[in-house]
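Student: Below you will find the structure I want to go over with you.
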Amino acid sequence: MHNYLVVEIKFMAKLKILEFPNPRLRIKAHPVEAIDEKLNQKIDDMFETMYEAPGIGLAATQVDYHYRLLVADVSAEKNEPWVLINPVIIEKDGVEVTEEGCLSVPGYFEEVERAEHVKVRYLDRSGSQVETEFDGLLGVCVQHEMDHLEGKLFVDYLSEVKRQRIRKRLEKNRRHHSQGTAAVL
Ligand code: GNR
Ligand code: NI
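Spelled out as structure tokens, the structure:
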């Protein structure tokens with residue numbers, strides 16, 4: 129009998145980001161049950177997708193993976209990666225208005241009101257439960273990503289008129305884009 133060592137090599141992959149008004153962005157994410165190789169691969173793929181976009185955060189929901197997982201990096205050097213698994217806000221205070229954008233709503237930036245400070249309980253990449261206080265841009269980003277896990281988008285904080293205007297323009301752009309693609313085929 130021969131014993132074989134099977135080596136599996138996985139490469140990082142850039143994932144497709146769902147765009148508003150795709151109904152899959154409205155799915156409420158399930159808790160992560162196990163931090164295993166499959167989840168680790170997903171985390172790596174999410175970082176690659178976020179850095180290439182480029183964005184400062186990405187929720188699993190946006191890449192059609194409906195588990196409570198988000199990544200973020202607001203540093204200029206892109207060397208401060210954060211991974212939050214099953215995050216829960218346990219304290220919040222203050223009010224802050226920030227001009228937000230979203231990779232799932234490309235090209236639009238609008239002011240959104242969020243808590244100024246949040247304390248979040250979550251599992252880190254190693255599976256340890258930790259509590260961290262977030263504020264500033266990272267605090268806004270974490271709240272924005274946690275909304276995604278609930279199926280909520282920043283455009284939901286805008287007026288119905290503004291939201292419909294954004295939806296119509298994005299749908300129109302997408303129609304034109306897919307016509308161009310179809311003509312090549
Ligand atoms: O890249 C992003 N920038 C951003 C700016 C202000 C507030 C929130 C964000 S998050 C966004 C990436 C994204 O869509 N994450 O879900
Ligand atoms: Ni977003």
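Numbering-wise, my numbering puts 220 at position 92 of the sequence shown, and it's gapless, one number per residue.
Backbone N, C-alpha and C define an ideal beta-carbon position, used for all residues, glycine too.
1) Given this structure, state the Cα-to-Cα distance separating Ser287 from Glu165, to the nearest angstrom.
2) In terms of residue numbering, what span does the beta strand (DSSP E) encompassing Tyr179 cover?
3) Identify, in the order they occur along the chain, each residue of the same chain with its Cβ nearer than 6 Å to the Cβ of Lys144, setting aside the five sequence neighbours on each side.
4) For the pair the stretch 168 to 177 and the stretch 189 to 198, tell me if three or more CB-CB distances fall below 8 Å.
5) With hydrogens ignored, establish whether the beta-carbon of Ser232 is closer than 7 Å to any heavy atom of the ligand NI.
6) Quick one: is the Cβ of Gln169 within less than 7 Å of any heavy atom of the ligand NI?
7) Please name the residue, chosen from Glu205, His245 and Tyr236, that lies closest to Lys220 on a Cα-to-Cα basis.
8) Could you say which of Glu238, Leu251 and Leu266 lies nearest to Leu167 if we only look at CA atoms?
9) What residue from Asn214, Phe237 and Val216 has the CA that sits closest to Val225's CA?
10) Leaving out five residues on either side along the sequence, give the residues of the same chain with a beta carbon under 7 Å from the beta carbon of Arg154.
Tutor: This is what the structure holds:
1) Taking the first residue of the sequence shown as position 1, residue 287 is located at position 159. Taking the first residue of the sequence shown as position 1, residue 165 is located at position 37. Cα-Cα distance, rounded: 42 Å.
2) One-based indexing of the sequence shown puts residue 179 at position 51. Element bounds for Tyr179: not the beta strand (DSSP E) but the alpha helix (DSSP H), Glu165 to Glu180.
3) As a working note, residue 144 is residue 16 in the sequence shown. So the list is empty, once near-sequence residues are dropped.
4) yes
5) Counted from its first residue, the sequence shown places residue 232 at position 104. Ser232 Cβ: within cutoff of the ligand NI.
6) Position 41 of the sequence shown, counted from the first residue, corresponds to residue 169. Not so, every heavy atom of the ligand NI lies at least 7 Å from the Cβ.
7) To locate residue 220, count along the sequence shown from 1; it is residue 92. Among Glu205, His245 and Tyr236, the Cα nearest to that of Lys220 is on His245.
8) For the purposes of this step, residue 167 is taken as residue 39 along the sequence shown, with counting starting at 1. Considering only alpha carbons, the answer is Leu251.
9) Working through the sequence shown from its first residue, we reach residue 225 at position 97. Closest option to Val225, Cα to Cα, is Phe237.
10) Residue mapping note: residue 154 aligns to position 26 of the sequence shown, counting from 1. Cβ within range, chain order: Gly279.
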